[in-house]
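Reading the sequence shown from the start, the letters are residues 39 to 265 in my numbering. Beta carbons: idealized from backbone N, C-alpha and C, even for Gly. Everything on this sheet refers to the single structure shown next.
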Amino acid sequence: MLSDNIARLKGNIISSCLKAGRNPSEIEIVAVSKGRQIEDIKEVLRCGLSNIGENKVQEALLKYKACDFTAKWHMIGHLQRNKAKEAVGIFDLIHSVDSLILASEISKQAAKIGKIQNVLLEVKTSSEPSKFGFNPGVLLDSLEDISKLNNIKIVGLMTIPPLLLDKEGSRRFFRDLSILREKIKEAGLFDYKLKLSMGMSDDFGVAIEEGSDIIRVGRAIFEENYG
Ligand SMILES: *Cc1c(COP(=O)(O)O)cnc(C)c1O
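Quick look at the structure:
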């Protein structure tokens, strides 16, 4: 049952927060529903979660239209520039902004509908060649450039660590993202605290310990007997 999974997930979040001296109410859960049916999404919303994450614009659009509950929709997958218009139309938060060109296109499309689009910048914390994201070394410059775009608000940073068998293995990538947030804070670019989107079903506990604000959880919510 999804409700049991969600109850277990919330319990685990509380444990991690206790360990880290954090308040569980600070942690946002994004239920990652890629590949799941609309009925399951509705069930998750009925259980009181309100953030739904998808990694493909087309799939998200179909579900968005079919969903008669209010929800906040999150784009967590790689976004192509030619999908920016549709993405801006439905998503509350785009986690995967990985270039200035994409950010400019999002801002342009958002301006057309009078929206300020909330985004996270995806950061490449590992050297895996297939990963999208900004190199940490150029992030400060990119942040300045993107901050100048009128219809974008940078809400925070996101990262996806390499696939590892051991959840502890993710820790150093999460820590690197936290350190980047500190550096940005010291640079004084923003007058609010940037959020970190990091941690999935296998490693959200570690992510919370390292300062995550938004966890993206799929299997631990939607699969039976997970974990
Ligand atoms: C699929 C996916 C998730 C969720 O992964 P689970 O291991 O199922 O929790 C989180 N973030 C991104 C970017 C994903 O593609």
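- Note that the C-beta distance between Leu-140 and Leu-117 is below 8 angstroms.
- In this structure, the C-beta of Ile-114 approaches ligand 1 to less than 7 angstroms from one of its heavy atoms.
- In the DSSP assignment, Ser-145 falls within the alpha helix (DSSP H) that extends over 138 to 150.
- For Arg-254, the CB falls within less than 7 angstroms of some heavy atom of ligand 1.
- Note on geometry: alpha-carbon atoms of Glu-262 and Lys-169 lie some 29 angstroms from one another.
- The continuous stretches of beta strand (DSSP E) do not include Leu-218, which lies in the alpha helix (DSSP H) extending over residues 209 to 225.
- Within the same chain, Ile-154, Gln-155, Asn-156, Val-157 come within 8 angstroms of Lys-191 by CB-CB distance, once the 5 residues on both sides are set aside.
- Secondary structure remark: continuous beta strand (DSSP E) runs of at least 3 residues inside the region 97 to 141, in chain order: 110 to 113, 131 to 135.
- Around the beta-carbon of Arg-257, fewer than 16 other beta-carbon atoms lie within 10 Å, marking it exposed.
- In this structure, the beta-carbon distance from Ala-122 to Gln-147 falls below 8 angstroms.
- Residues of the same chain with a CB within less than 6 angstroms of the CB of Ser-41, apart from the 5 flanking positions on each side, are Cys-85 in chain order.
- By the 16-neighbour rule on beta-carbons within 10 angstroms, Tyr-102 is buried.
- For Ser-185, the three-state secondary structure derived from DSSP is helix.
- Rounded to whole angstroms, the Cβ separation of Ile-128 and Ala-98 is 6 angstroms, and the two are in contact under 8 angstroms.
- When DSSP reads this structure, Ser-180 sits in no beta bridge, so it has no partner.
- Rounded to the nearest angstrom, the gap between the Cα atoms of Lys-233 and Leu-100 is 28 angstroms.
- In this structure, Ala-149 is the residue among Ala-149, Asn-120, Phe-260 with its C-alpha nearest to the C-alpha of Asn-188.
- When the Cα atoms are used, Ile-65 and Ser-88 turn out to be separated by approximately 13 angstroms.
- Note that the C-beta distance between Ile-253 and Ile-90 is not below 8 angstroms.
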